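Enquirer: My questions all concern the structure below.
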Amino acid sequence: MMRDKWCGEINESHVGLNASIAGWVNSRRDHGGLIFIDLRDRSGIVQVVFNPEIDAKAHELAHKIRNEYVLLIKGEVRKRPSGTENPSIPTGGVEVITKELKILNECKPLPFMIEDETDAGEFLRLKHRYLDMRRPLIQRNIILRHKTTKAVRNYLNLNEFLEIETPVLTKSTPEGARDYLVPSRLNPGHFYALPQSPQLFKQILMISGLERYYQIVKCFRDEDLRADRQPEFTQIDLEMSFVVEEDVMRLIEEMMKCIFKDVLEQELITPFIRLSYKEAIDRFGTDKPDLRFSLELEDVRDIVKNSSFQVFLDVLSKGGIVKGINAKGCAGYSRKEIDDLTQEVKTFGAKGLAWIKIKNGFESPITKFFPAETLKKLADKLEAEDGDLLLFVADTEKVVNDSLARLRNEFGKRLNLIKDSEYKFAWITDFPLLEWNDEEKRYEAMHHPFTSPREEDIEKLLSLDFSNLELFTAHCSLFTALKARAYDIVLNGHEIGGGSIRINRRYIQNKMFEVLGISHREAEEKFGFLLEALDYGAPPHGGIALGLDRLVMILTGENSIRDVIAFPKTQKAVCPLSNAPSIVDEKQIKELNIKIDAKIDE
RNA sequence: GGGGUGGUAGUUCAGUUGGUUAGAACGCCGGCCUGUCACGCCGGAGGUCGCGGGUUCGAGCCCCGUCCACCCCGCCA
11 MMRDKWCGEI NESHVGLNAS IAGWVNSRRD HGGLIFIDLR DRSGIVQVVF
61 NPEIDAKAHE LAHKIRNEYV LLIKGEVRKR PSGTENPSIP TGGVEVITKE
111 LKILNECKPL PFMIEDETDA GEFLRLKHRY LDMRRPLIQR NIILRHKTTK
161 AVRNYLNLNE FLEIETPVLT KSTPEGARDY LVPSRLNPGH FYALPQSPQL
211 FKQILMISGL ERYYQIVKCF RDEDLRADRQ PEFTQIDLEM SFVVEEDVMR
261 LIEEMMKCIF KDVLEQELIT PFIRLSYKEA IDRFGTDKPD LRFSLELEDV
311 RDIVKNSSFQ VFLDVLSKGG IVKGINAKGC AGYSRKEIDD LTQEVKTFGA
361 KGLAWIKIKN GFESPITKFF PAETLKKLAD KLEAEDGDLL LFVADTEKVV
411 NDSLARLRNE FGKRLNLIKD SEYKFAWITD FPLLEWNDEE KRYEAMHHPF
461 TSPREEDIEK LLSLDFSNLE LFTAHCSLFT ALKARAYDIV LNGHEIGGGS
511 IRINRRYIQN KMFEVLGISH REAEEKFGFL LEALDYGAPP HGGIALGLDR
561 LVMILTGENS IRDVIAFPKT QKAVCPLSNA PSIVDEKQIK ELNIKIDAKI
611 DE
């Protein structure tokens, strides 16, 4: 080994000893006589001193040292002279007096400075990710991610799970996200798909009798990006046989306990809160509520129907809803501030935002449509006090809930209702089995097509006739009443995972495909191997997949999963470091029997 | 596909009503400096104002288009 100590581990106990350390020059302070250098490696920073009276040669050489030069230093650990200690770093009581300096490599002037509080643009940071990742903050994130996967593996290994790999070159499936496709050279005109998740394979593993499977695995979805969505992302994927919902949820609760203990040294309280999908939507407007604060939505239909406010009445007559939220203490909001909030809800399709300020009475352009008694009831319902701002949205259920859920989160932040370092888990259960897709005019699986309906809904499902569209629509309410054996896990307002108990009987799976409008032939083509496997003694099974990137993002307190991924992509799914994707040689394309039909800017 | 914000020195930004030579800080280069740790002091270099077009006597600034980045909607079982 070139070195025998890490920079960050040097302390008072090493005083008087010789040490070899290596690392990068974090900063230099050249006094002409004495030269100080902060040397950094993964473990931390230690001050190195060059004194011409101790080693004139090293001192001379040290003049040319610049930031991020790579050095090997041999020297003596010394207590710093009294009064020159630096309490702001862990090694601040000591320093290394250089007796031998070796410059292992030089470094050009940097495109941006390497410091935790960098203000460099993100694109630049990603382009030079190797420099960005030298920042202790990013290193901390990467290390924390490692600790998380280590805790996961420890826990699952102890619980008889087997880590099993599944194919990356796999089959395109019709449901779900857009696939990334890989052309097959050996099979002209045929394509693999990169897996959106190992869903089918993990079910096959259960049918194979392997009982408990897990994998920390890359998944791929060719959809547009967000702060918490990358085209390739990592799941903690697991599946178990002979279990019901409760078993999977308990297992994950225990796993989270281990993660929090190992990674954050925190005790989690279990079981986590359980909310039905309906309750989550009713109270918070979303199936991923942030439970660190209350600020709940209130349904005010019954109250506002006693008004002459046509906007509300129209919505109600069309079967829409009206809900409100109380922005505590915001009665002082200006016209512009309310306009900005209105703009915010318009992105969800809301046509407007009704407001009432509580200021020694009711102040609002709409009060004239409301009898005094009705206003009083509204205020009571929203527990309004003097100084509050009441906000209402009237529209379809979806628009109202989406809009107010956003406002709720916004006010959670603005009103400082959210404590950092607080973690609120919840399980969301009792999801509808099906969801109407208005674009395709058909029902879709809310979770995925392999999710089992509730036991008591199976008979209902089987008895229904889906062959004709009219009956289909006539039975609308029946379909939406069907519940899935699915569960999502939510942490601080982020969906960090979801799973279900799967269908393990062929006839039920067949029926599901029928409901989803997937023809017998298509089902055979796309999922035939699973369907067939179901015929050969498929055990009851279920599982879950957790988004590792999102989980680690929350554990590190970051706002984007890009900060917890070593090599993330930009919003256009470009890797600024490698410049992928790129055009390829004509020859490569030809070998794949593919023709490009696109204008390409080189 | 849509909405929003941004793009000026290596970096982060400022740049007035369209008007002379486009500034600051940090970084970089040279010099001085033996207790600094945001070292200090003196001096210096550094610009295709994202790109293309237009309006104008004159554009970093106004208009049109385009590219890129970030946030959001759609989309993401």
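The numbering of the first sequence is the working numbering, which starts it at 11 and goes up by one.
No residue lacks a Cβ here, since even glycine has one placed at the ideal position from N, Cα and C.
Keep in mind it's a predicted model, so treat the numbers as computed, not measured.
1) The beta strand (DSSP E) that contains Ser413, what's its start and end?
2) Using the three-state DSSP reduction, which class does Pro146 fall into: helix, strand or coil?
3) Exposed or buried, which one is Lys84 when buried takes at least 16 other CB atoms within 10 Å?
4) Do Leu444 and Val525 have their C-beta atoms within less than 8 Å of each other?
5) Could you check the C-alpha separation between Met216 and Thr352 for me, to the nearest Å?
6) Using DSSP's beta-bridge definition, name the partner residues of Leu400.
7) So what does Glu373 bridge to, in DSSP terms?
8) Tell me the DSSP bridge mates of Met250?
9) In whole angstroms, what is the alpha-carbon distance linking Lys267 and Arg572?
10) For Asn96, which residues of its own chain have a beta-carbon under 6 Å away from its beta-carbon, when the five flanking residues on both sides are left out?
11) If you check the beta carbons only, do Val500 and Phe435 fall under 8 Å apart?
12) For Gly414, which option in Leu540, Ile376, Ser487, Ala337 has the closest C-alpha, if you only look at C-alpha atoms?
13) Check for me: the alpha helix (DSSP H) holding Ala389 runs from which residue to which?
14) I'd like to know whether the C-beta atoms of Ile313 and Leu388 end up nearer to each other than 8 Å.
15) Between Asn520 and Glu420, what straight-line distance do the alpha-carbon atoms span, to the nearest angstrom?
16) Among Trp34, Asn36, Glu86, which residue has its Cα nearest to the Cα of Ser23?
17) Can the beta-carbon of His457 be found less than 8 Å from the beta-carbon of Glu249?
18) At which residues does the beta strand (DSSP E) containing Leu114 begin and terminate?
19) Which partner residues does Leu81 have in the DSSP bridge list?
20) In the DSSP assignment, the beta strand (DSSP E) including Val178 goes from what residue to what residue?
21) Considering only residues of the same chain and omitting the five flanking positions on each side of Met259, which have a CB-CB separation below 7 Å?
22) Do Val35 and Glu105 have their beta-carbon atoms positioned less than 8 Å apart in this structure?
23) What separation, rounded to the nearest whole angstrom, lies between the Cα atoms of Leu558 and Asn502?
24) Relative to the ligand ADP, is the shortest distance from any of its heavy atoms to the C-beta of Gly371 smaller than 7 Å?
25) So, at 8 Å on beta carbons, what are the nonlocal neighbours of Asn115 in its own chain, with the 5 sequence-adjacent residues on each side left out?
26) Determine the contact status of Lys408 and Val310, defining contact as a CB-CB distance below 8 Å.
27) What is the rounded straight-line gap between the Cα of Ser304 and the Cα of Arg188?
28) For Lys157, which residues from the same chain have a beta carbon less than 7 Å from its beta carbon, with the 5 sequence-adjacent residues on both sides left out?
29) By DSSP, does Asp607 sit in helix, in strand, or in coil?
30) Along the chain, where does the beta strand (DSSP E) containing Asp498 start, and where does it finish?
31) May I ask you to report which of helix, strand or coil DSSP gives Ile506?
32) Could you tell me how far apart the beta carbons of Ser207 and Ala555 are, in whole angstroms, since I believe they sit closer than 8 Å?
33) Where does Gly557 sit, in a helix, a strand or coil, going by DSSP?
34) Quick check: the region 134–148 against the region 117–126, are there 3 or more CB pairs under 8 Å?
35) Let me confirm a value: Pro578 is counted as buried when at least 16 other C-beta atoms fall within 10 Å, else exposed. Which label applies?
36) May I ask you to report which of helix, strand or coil DSSP gives Arg512?
Expert: Quick look at the numbers:
1) For this step, residue 413 is matched to residue 403 along the first sequence. Unbroken run through Ser413 is the alpha helix (DSSP H), 407–424; no beta strand (DSSP E).
2) Walking along the first sequence from the start, residue 146 turns up at place 136. Note: Pro146 maps to helix in three-state DSSP.
3) Taking the first sequence and counting its residues from 1, one reaches residue 84 at position 74. With 16 or more Cβ atoms within 10 Å of its Cβ, Lys84 is classed as buried.
4) Here residue 444 is taken as the residue at index 434 of the first sequence, counted from 1. Here residue 525 is taken as the residue at index 515 of the first sequence, counted from 1. Contact flag set, yes.
5) Here the question's residue 216 lines up with position 206 in the first sequence. Here the question's residue 352 lines up with position 342 in the first sequence. If I take the Cα positions, the gap works out to 50 Å.
6) For this step, residue 400 is matched to residue 390 along the first sequence. Leu400 is bridged to Asn336, Ile366.
7) In the first sequence, the residue the question calls residue 373 occupies position 363. DSSP, once it has assigned bridges, lists Lys367 as partnering Glu373.
8) The count along the first sequence starts at 1 and reaches residue 250 at position 240. Arg222, Gly552.
9) Walking along the first sequence from the start, residue 267 turns up at place 257. Walking along the first sequence from the start, residue 572 turns up at place 562. So the two alpha carbons sit approximately 25 Å from each other.
10) As a working mapping, residue 96 is identified with position 86 in the first sequence. Contacts found: Gly102.
11) Residue numbering aside, residue 500 sits at position 490 when the first sequence is read from its first letter. Residue numbering aside, residue 435 sits at position 425 when the first sequence is read from its first letter. Result yes, Cβ atoms of Val500 and Phe435 sit closer than 8 Å.
12) Within the first sequence, numbered from 1, the residue matching residue 414 stands at position 404. Here the sequence assigns Leu to residue 414, which means Gly is not the residue at that position. Checked all of Leu540, Ile376, Ser487, Ala337; the closest Cα to Leu414 is Ala337.
13) In the first sequence, the residue the question calls residue 389 occupies position 379. Start and end: 382–391.
14) On the first sequence, position 303 is the one that residue 313 refers to. On the first sequence, position 378 is the one that residue 388 refers to. Yes. Within cutoff.
15) Counting from one through the first sequence, the residue named residue 520 turns up at place 510. Counting from one through the first sequence, the residue named residue 420 turns up at place 410. When rounded, the distance between both Cα atoms is 44 Å.
16) As a first step, residue 23 is located in the first sequence; it is residue number 13 there, counting from the start. Comparing Cα-Cα distances from Ser23 to each of Trp34, Asn36, Glu86, the minimum goes to Glu86.
17) As a first step, residue 457 must be located in the first sequence, where it is residue number 447. As a first step, residue 249 must be located in the first sequence, where it is residue number 239. No, the pair does not count as a contact, with Cβ atoms beyond the cut-off.
18) What you label residue 114 is simply residue 104 of the first sequence in a count that begins at 1. Where Leu114 is concerned, the enclosing beta strand (DSSP E) stretches over 104–115.
19) Along the first sequence, one-based indexing puts residue 81 at 71. For Leu81, which the question treats as bridged, DSSP gives the partners Gly33, Ile113.
20) What you label residue 178 is simply residue 168 of the first sequence in a count that begins at 1. No beta strand (DSSP E) contains Val178, which DSSP labels as neither H nor E.
21) Here residue 259 refers to the residue found at position 249 when the first sequence is read from its first residue. Excluding positions up to five away in sequence, the list reads Trp437, Tyr497.
22) Locating residue 105 in the first sequence gives position 95, counting from the first residue. Locating residue 35 in the first sequence gives position 25, counting from the first residue. No, the pair does not count as a contact, with Cβ atoms beyond the cut-off.
23) For this step, residue 558 is matched to residue 548 along the first sequence. For this step, residue 502 is matched to residue 492 along the first sequence. Taking the straight line joining both Cα atoms gives about 15 Å.
24) Ligands are entirely absent from the displayed structure, and the ligand ADP is therefore not among its contents.
25) Looking up residue 115 in the first sequence gives position 105. These residues qualify, in order along the chain: Tyr79, Val80.
26) Within the first sequence, residue 408 is the residue found at index 398, counting from 1. Within the first sequence, residue 310 is the residue found at index 300, counting from 1. No, Cβ-Cβ distance for Lys408 and Val310 is not below 8 Å.
27) The residue labelled residue 304 in the question sits at position 294 within the first sequence. The residue labelled residue 188 in the question sits at position 178 within the first sequence. Distance between the alpha carbons of Ser304 and Arg188: 36 Å.
28) Reading the first sequence from its first residue, position 147 is the one you call residue 157. Result list for Lys157: Asp272, Val273, in chain order.
29) Here residue 607 refers to the residue found at position 597 of the first sequence. Three-state result, Asp607: coil.
30) The residue you call residue 498 lines up with position 488 of the first sequence. Element bounds for Asp498: 496–501.
31) Working through the first sequence from its first residue, we reach residue 506 at position 496. Residue state, collapsed to three classes: strand.
32) As a position in the first sequence, residue 207 is number 197, starting the count at 1. As a position in the first sequence, residue 555 is number 545, starting the count at 1. Contact flag correct, Cβ pair sits at about 6 Å.
33) Taking the first residue of the first sequence as 1, we reach residue 557 at position 547. Looking at Gly557 - three-state DSSP - the assignment turns out to be strand.
34) yes
35) By one-based count along the first sequence, residue 578 stands at place 568. Pro578 is buried by the Cβ-count criterion.
36) Counting from one through the first sequence, the residue named residue 512 turns up at place 502. In the structure shown, Arg512 sits in a strand (DSSP, three-state: E or B).
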